[in-house]
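Only one structure is covered here, and it is reproduced in the block below.
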Amino acid sequence: MLTQLFKFKGGVKPPTHKTQSTTQPICPAPLPARLIVPLHQNIGGTPRPVVQVGDKVLKGQLIGEADGWISAAIHAPTSGTVIAVETHVQPHPSGLDALCVVIEPDGRDEWMARTPLDYHALTPAQVREHLQQFGVVGLGGAVFPTHGKLTASKTVAMEELIINGAECEPFITCDDLLMRERAEDIVRGIGIFRDLLQPDKVLIGIEDNKPEAAAAMRTAISALNESFTVVQVPTLYPAGGAKQLIRVLTGKEVPASRRSTDLGVQCFNVATAYTAWRAIAHGEAVVSRLVTVTGNVEKPRNFDVLIGTPMDELLRLAQPKADTDGILMGGPMMGFLVPDVQVPVVKATNCLIAHSPALFPPAPPEMPCIRCGACAEVCPHELQPFEMYWFARAKNFGKTQEYHIFDCIECGCCSFVCPSHIPLVQYFRFAKSEIWAREREKNAADSAKDRFEFKQLRDEREKAEKAEKLARAAAAQAAKKAAEASASASETENNTSLAAQENSPGDALANEKEIKKAAIQAAIERARAQRETAQAKNTDHLNADQQQELAAIEARRQVIQPQAASSLDENQA
Amino acid sequence: MEITLAIAIMALGAIVLGAALGFASIKFKVEGDPLIEKIDSILPQTQCGQCGYPGCKPYAEAIAKGEADINKCPPGGSEGVQRLADLLGREVKPLDAEEKPKAIAIIDEATCIGCTLCIQACPVDAIVGAAKQMHTILPTLCTGCELCLPPCPVECIRMEVIPETIDNWKWRYPVVEIKPVPTGKAA
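From first to last, the protein sequence lines stand for chains A and B.
The first sequence begins at 58 in our numbering and counts up by one.
The second sequence begins at 2 in our numbering and counts up by one.
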């Protein structure tokens, strides 16, 4: 097979320590006394618990419902009783608590009804939904929900599907053993990914220190008549980083803050392909995974472990030596000491290393940076760790971002080679989490400001509306008053004009009469307008008593006026 | 003759450049004071009024005019004072109040009588509810300004410090631990 391989810059070759745990086949771990299943085991939304204390659950039964699209469901790892839904210490460097479902196994390990599916009969959307409901996440360590990566880009044609079996971190052998023993199911799982993404070719990258795994995969591929290519890549840490493996296999360099799908490449871990096949073709949710238990133990081995198994119980199976003083989750390069040995195994747990001072001597004291540049030479992302360290240490976070701190994958190569033993990655993690926190605060402040300004605007608008309403009410009242007054006035005017008409000489021409009438009408109008303006001044803003008084006067006037007129007529007569 | 030509050329140059400057001063006129915006973006936007000004923007304006000190904002903390000092080139001063951990208000919904007074007091619209209906505070929107506490007639609002969770946990600044040398067997 002639596949041209490429190189990524940098990288280190730490002692691999892999052979200890590959001598024995995979061993199913016995049921622990109780299982602590954290609900948040994936990147994205925290699943909501759907069981209550006292509920009987079967193996594979849903206990946590996916929250949102980028989230994956959580299932009961065995049959038993839910004895608590409570917070529990997490396998996380913070040592903080999070919500877990605690299950007491009944010992029968009874599966719920499983319905195998033929994914060829399903639409891609249905397959993705099934993967989400069966809790399939990236088992390489990032635990990103797999269904979220299975939508082919509409603009860029999918060229390569990369399956990551590199497993570059020292001590870890779970993917190696999985490929050796369960290669066929992995290949079938890759088939699902291939059918969903329709890539031009499928490349399986395996480091050349795992010839047995590569051979097993090749046998499985030919047995299943697939056209996948197994490529053995040079053993160089961190060849198993997604961007590094893509670079080695395809020569494509994924730019900063872009996704590999923009270049027509997608990458999955071998264990993810395996669980995807188990979920679709066997109806088995992700309730267990392979965990390498190694380090300071008598019998290092790979175990098939139920999610939620307390780590100390698992470690006991490998018989830790007397001087073991802690558990390292993950490898020695990127892993961390768990805060409590009773924390549960989660989907991200690929390896437990029994820690002892002899195996991992305490780091010598940090010395000043001599700017030798050794860290920049090994950085697989071609960053300048010494500059980022300088600014992270000074808490000048803007500058760290100018040096692209967010492209750092925290592989630990720089810390590994630093002659001054500076924990560079710790500084970068510190700077990153500070930047994130500030970003969150900034966003919260901005949205608070927007809401405050909107509230102010609203208050002002309401005030203006109120004032306008008041003014309108006052105007309406004034107009009403004026109308009343004018109505009474025009009545009296009409009376006088009628009298005037009667008094006018009868022999006058109709024309003249018309003109006169018009003139009189105009005069009336003028008078009314005058009165209106005059009245508007002193009848504005009257209170109820005054209005009543006015009305009474008005009524008397109505009575008196005709009387006065008639008495005048009588006198004349 | 030559001298008049020189004067004419200089005058022409002055007219052209003057026109360009005049045009630029109208075309590229800066609306408002950009310094106020910069100060405002550092302030935490809680709108709590603890600085003695009715909101963050008025305080920013007062700082820009030189009327107010930069250490009057308790929610911004000493870090906020530091950043204001960096921006304005002023001396860093200790905060003029005690620094409190970030908290949010929580309504005891059983005690709430639905008077809407807290809704009117909230400057950032973080409280929802209606007259004679239970009110509640949206925890993601609450800035912890405490302005809703005094108007509540039944004292059903309390402040709770935001707990540290895995989602908001931050990596610590690396420090070299100084440990005593173990003597004999480790305890």
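Cβ coordinates follow ideal geometry from the N, Cα and C atoms, glycine included.
Roughly how many angstroms separate the alpha carbons of residue 395 of chain A and residue 134 of chain B, rounded to a whole number? Here residue 395 of chain A refers to the residue found at position 338 when the first sequence is read from its first residue. Here residue 134 of chain B refers to the residue found at position 133 when the second sequence is read from its first residue. So the alpha carbons of these two residues sit roughly 47 Å apart.
Contact check, residue 117 of chain B vs residue 157 of chain B, beta carbons under 8 Å: Locating residue 117 of chain B in the second sequence gives position 116, counting from the first residue. Locating residue 157 of chain B in the second sequence gives position 156, counting from the first residue. At a Cβ-Cβ threshold of 8 Å, residue 117 of chain B and residue 157 of chain B do not count as neighbours.
For residue 600 of chain A, count the other beta carbons within 10 Å of its own beta carbon; 16 or more makes it buried, fewer makes it exposed. Which is it? In the first sequence, counting from the first residue as 1, residue 600 of chain A sits at position 543. The residue in question, residue 600 of chain A, is exposed, as its Cβ has fewer than 16 Cβ neighbours within 10 Å.
Please list the segments of the beta strand (DSSP E) lying wholly inside the stretch 379 to 409 of chain A, counting only runs of 3 or more residues, in order along the chain. Complete beta strand (DSSP E) runs here, min 3: 383 to 386.
Which whole-angstrom value describes the C-beta separation of residue 34 of chain B and residue 63 of chain B, a residue pair presumed to lie in contact below a C-beta threshold of 8 Å? In the second sequence, residue 34 of chain B corresponds to position 33, counting from 1. In the second sequence, residue 63 of chain B corresponds to position 62, counting from 1. Actually they are not in contact, since the Cβ atoms of residue 34 of chain B and residue 63 of chain B sit about 12 Å apart, beyond 8 Å.
Measure from the alpha carbon of residue 110 of chain B to the alpha carbon of each residue in B:55, B:99, B:159, then state which is nearest. Indexing the second sequence from 1 puts residue 110 of chain B at position 109. That would be B:159, whose Cα lies nearest to the Cα of residue 110 of chain B.
For chain A, find out if any of its Cβ atoms is closer than 8 Å to the Cβ of residue 137 of chain B; answer yes or no. By 1-based counting over the second sequence, the position of residue 137 of chain B is 136. False, the Cβ-Cβ gap to chain A never drops below 8 Å.
Identify, in the order they occur along the chain, each residue of the same chain with its Cβ nearer than 7 Å to the Cβ of residue 61 of chain A, setting aside the five sequence neighbours on each side. As a position in the first sequence, residue 61 of chain A is number 4, starting the count at 1. The beta carbon of residue 61 of chain A sits closer than 7 Å to no other beta carbon from its chain once the five residues preceding and following it are set aside.
When B:141, B:87, B:176 are compared against residue 107 of chain B, the one with the closest alpha-carbon: As a first step, residue 107 of chain B is located in the second sequence; it is residue number 106 there, counting from the start. Considering only alpha carbons, the answer is B:141.
According to a CB-to-CB cut-off of less than 9 Å, which residues of the stretch 126 to 150 of chain A neighbour chain B? Taking 9 Å as the Cβ-Cβ cut-off against chain B, the residues of the stretch 126 to 150 of chain A that qualify are 147, 149, 150.
Applying the criterion that 16 or more other CB atoms from any shown protein chain within 10 Å of the CB defines a buried residue, is residue 437 of chain A buried or exposed? For this step, residue 437 of chain A is matched to residue 380 along the first sequence. Buried is the call here.
Which residues, in order along the stretch 151 to 182 of chain B, keep a beta-carbon less than 8 Å from a beta-carbon of chain A? Along the stretch 151 to 182 of chain B, the positions whose C-beta sits under 8 Å from a C-beta of chain A are 165, 166, 167, 169, 170, 171, 172, 173, 174, 175, 177, read in chain order.
Taking the alpha carbon of residue 411 of chain A as the point to measure from, which residue in A:400, A:375, A:420 has its own alpha carbon closest? By one-based count along the first sequence, residue 411 of chain A stands at place 354. Nearest option by C-alpha distance: A:375.
Chain B contacts made by the stretch 456 to 483 of chain A, where a contact means CB separation under 7 Å: When CB distances to chain B are screened at a threshold of 7 Å, the residues of the stretch 456 to 483 of chain A falling below it are 480, 483, in chain order.
Counting contacts by CB-CB distance shorter than 8 Å, is residue 385 of chain A in contact with chain B? Here residue 385 of chain A refers to the residue found at position 328 of the first sequence. With respect to chain B, the C-beta atom of residue 385 of chain A has no partner C-beta closer than 8 Å.
Residue-level contact to chain B via CB, residue 393 of chain A, 8 Å cutoff: Here residue 393 of chain A is taken as the residue at index 336 of the first sequence, counted from 1. Taking Cβ atoms only, chain B never reaches closer than 8 Å to residue 393 of chain A, which makes this a no.
Please give me, in chain order, every unbroken run of the beta strand (DSSP E) with length at least 3 that falls completely inside the stretch 40 to 128 of chain B. When DSSP assignments are scanned along the stretch 40 to 128 of chain B, the uninterrupted stretches of beta strand (DSSP E) that are 3 or more residues long and fall wholly within it turn out to be 104 to 108.
Any chance you could list the beta strand (DSSP E) runs of at least 3 consecutive residues sitting entirely within the stretch 188 to 217 of chain A, in chain order? Listed in chain order, nothing qualifies, since the stretch 188 to 217 of chain A has no complete beta strand (DSSP E) run of 3 or more residues.
Starting from residue 182 of chain A, find everything on chain B with Cβ-Cβ shorter than 8 Å and list it in chain order. Looking up residue 182 of chain A in the first sequence gives position 125. Within chain B, no residue has its CB atom less than 8 Å from the CB of residue 182 of chain A, the nearest being about 30 Å off.
Using a 10 Å radius around the Cβ and a threshold of 16 neighbouring Cβ atoms, would you call residue 345 of chain A buried or exposed? Position 288 of the first sequence holds residue 345 of chain A. With 16 or more other Cβ atoms inside 10 Å of its own Cβ, residue 345 of chain A counts as buried.
For residue 220 of chain A, which residues does DSSP report across the bridge? Locating residue 220 of chain A in the first sequence gives position 163, where the first residue counts as 1. Partner(s): A:261, A:325.
Would residue 539 of chain A count as contacting chain B if we go by Cβ distances under 8 Å? Taking the first residue of the first sequence as position 1, residue 539 of chain A is located at position 482. Cβ-Cβ to chain B under 8 Å: no for residue 539 of chain A.
Chain B residues whose Cβ lies nearer than 8 Å to that of residue 519 of chain A: Along the first sequence, one-based indexing puts residue 519 of chain A at 462. Per Cβ cutoff of 8 Å: no residues; residue 519 of chain A is ~11 Å from chain B at best.
Does residue 565 of chain A pass the burial test, meaning 16 or more other C-beta atoms within 10 Å, or should it be called exposed? Translated into the one-based positions of the first sequence, residue 565 of chain A becomes position 508. Confidence is the limiting factor: at residue 565 of chain A the pLDDT is only 49, short of 50, which leaves the residue's position unreliable, though a coordinate-based value still follows. When all chains shown are included, residue 565 of chain A counts as exposed.
For residue 95 of chain A, report the span of its beta strand (DSSP E) as first-last. As a first step, residue 95 of chain A must be located in the first sequence, where it is residue number 38. Run containing residue 95 of chain A: 92 to 95, per the beta strand (DSSP E) assignment.
If you drop the 5 nearest sequence neighbours on each side, which residues of the same chain put their C-beta closer than 7 Å to that of residue 377 of chain A? Along the first sequence, read from residue 1 onward, the residue named residue 377 of chain A stands at position 320. Closer than 7 Å at Cβ, skipping near neighbours: 353, 354, 411.
Please say whether residue 107 of chain A and residue 125 of chain A have beta carbons closer to each other than 8 Å? Locating residue 125 of chain A in the first sequence gives position 68, counting from the first residue. Locating residue 107 of chain A in the first sequence gives position 50, counting from the first residue. The Cβ atoms of residue 125 of chain A and residue 107 of chain A lie no closer than 8 Å to each other.
In chain B, which residues lie less than 8 Å from residue 153 of chain A when you measure between Cβ atoms? Against the first sequence, residue 153 of chain A aligns to sequence position 96. By Cβ distance, chain B contributes 165, 166, 167, 170.
Boundaries (first-last residue) of the alpha helix (DSSP H) holding residue 231 of chain A: Residue mapping note: residue 231 of chain A aligns to position 174 of the first sequence, counting from 1. Annotation for residue 231 of chain A: the continuous alpha helix (DSSP H) segment containing it runs 231 to 238.
Cut-off 6 Å between Cβ atoms - residues of its own chain near residue 24 of chain A, not counting five sequence neighbours on either side: Absent from the model: residue 24 of chain A. The displayed extent of chain A is 58 to 630, so no value can be given.
Please tell me whether residue 310 of chain A and residue 67 of chain A are closer than 8 Å, where the distance is taken between their beta carbons. Here residue 310 of chain A refers to the residue found at position 253 of the first sequence. Here residue 67 of chain A refers to the residue found at position 10 of the first sequence. In this structure, residue 310 of chain A keeps its C-beta atom at 8 Å or more from the C-beta atom of residue 67 of chain A.
Residues of chain B with CB closer than 8 Å to the CB of residue 490 of chain A, please, in chain order. Translated into the one-based positions of the first sequence, residue 490 of chain A becomes position 433. Near residue 490 of chain A (Cβ distances below 8 Å), the residues of chain B are 170, 171, 172.
Within 10 angstroms of the Cβ of residue 300 of chain A, are there 16 or more other Cβ atoms? Answer buried if so, exposed if not. In the first sequence, residue 300 of chain A corresponds to position 243, counting from 1. Residue 300 of chain A sits buried, since 16 or more C-beta atoms from the chains shown fall within 10 Å of its C-beta.
Please check the pair residue 324 of chain A and residue 302 of chain A, which I expect to be a contact at CB under 8 Å, by giving their CB distance rounded to whole angstroms. On the first sequence, position 267 is the one that residue 324 of chain A refers to. On the first sequence, position 245 is the one that residue 302 of chain A refers to. That belief holds up - the Cβ atoms of residue 324 of chain A and residue 302 of chain A are roughly 7 Å apart, short of 8 Å.
Quick check: is the beta carbon of residue 454 of chain A nearer than 8 Å to any beta carbon in chain B? Against the first sequence, residue 454 of chain A aligns to sequence position 397. Residue-level contact check: residue 454 of chain A does not touch chain B, since none of the beta carbons of chain B fall below 8 Å from its beta carbon.
Could you pull out every residue in the same chain whose Cβ sits closer than 7 Å to the Cβ of residue 388 of chain A, ignoring the five residues on either side in sequence? Translated into the one-based positions of the first sequence, residue 388 of chain A becomes position 331. Cβ neighbours of residue 388 of chain A beyond the five flanking positions: 226, 227, 228, 229, 408.
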